[in-house]
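>
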């Protein structure tokens, strides 16, 4: 009777299969977004802990202007889970300048290592410097 009017069976909406496919695509997309956001948060937290470890190591290095003749060998732990170790060893220098024997002033290589556990893995930061010995051998104060 009315040829321009579409059939009533074609105007029902989405089939169950189309709805399930749409929900599956949406769930996969949200899962990827949540994983990316979670990874960003954990990366930021790791960066913060790494920066804190560097500050601890720099503070420990700043404690020493000179190294005692016996050297340094200290370790400890902070309240927030960082472990640290400071040690020194003699640093070899050339005692001759311009063909004449110069006064040798001993140096020590000072090393600071800070370790911590983050997300089930061990991490560490290590800083090094060279400092003079407190007294040169044979000198008097």
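Residue numbers (the UniProt record's numbering): 1 to 141. The C-beta atom is built at its ideal place from N, Cα and C for all residues, glycine as well.
1) Could you check the C-alpha separation between residue 103 and residue 93 for me, to the nearest Å?
2) Within its chain, find whatever has a CB closer than 8 angstroms to the CB of residue 82; leave out the 5 residues flanking it on each side and keep chain order.
3) Within 10 Å of its beta-carbon, does residue 128 have 16 or more other beta-carbons around it, so buried, or fewer, so exposed?
4) Tell me which same chain residues have a C-beta within less than 7 angstroms of the C-beta of residue 142, skipping the five on either side of it?
5) If you measure between the beta carbons of residue 45 and residue 118, is that distance less than 9 angstroms?
6) Counting only runs of 3+ residues fully inside the segment 62–121, write out the beta strand (DSSP E) ranges in chain order.
According to the structure shown:
1) The predicted model places residue 103 with a pLDDT of 47, which falls under 50 and marks its position as unreliable; any figure quoted below should be read in that light. One C-alpha to the other measures close to 11 angstroms.
2) 52, 53, 56, 114, 115 and 116
3) exposed
4) Nothing can be reported for residue 142, as the shown portion of the chain is limited to 1 through 141.
5) yes
6) 73–77, 83–91 and 107–118
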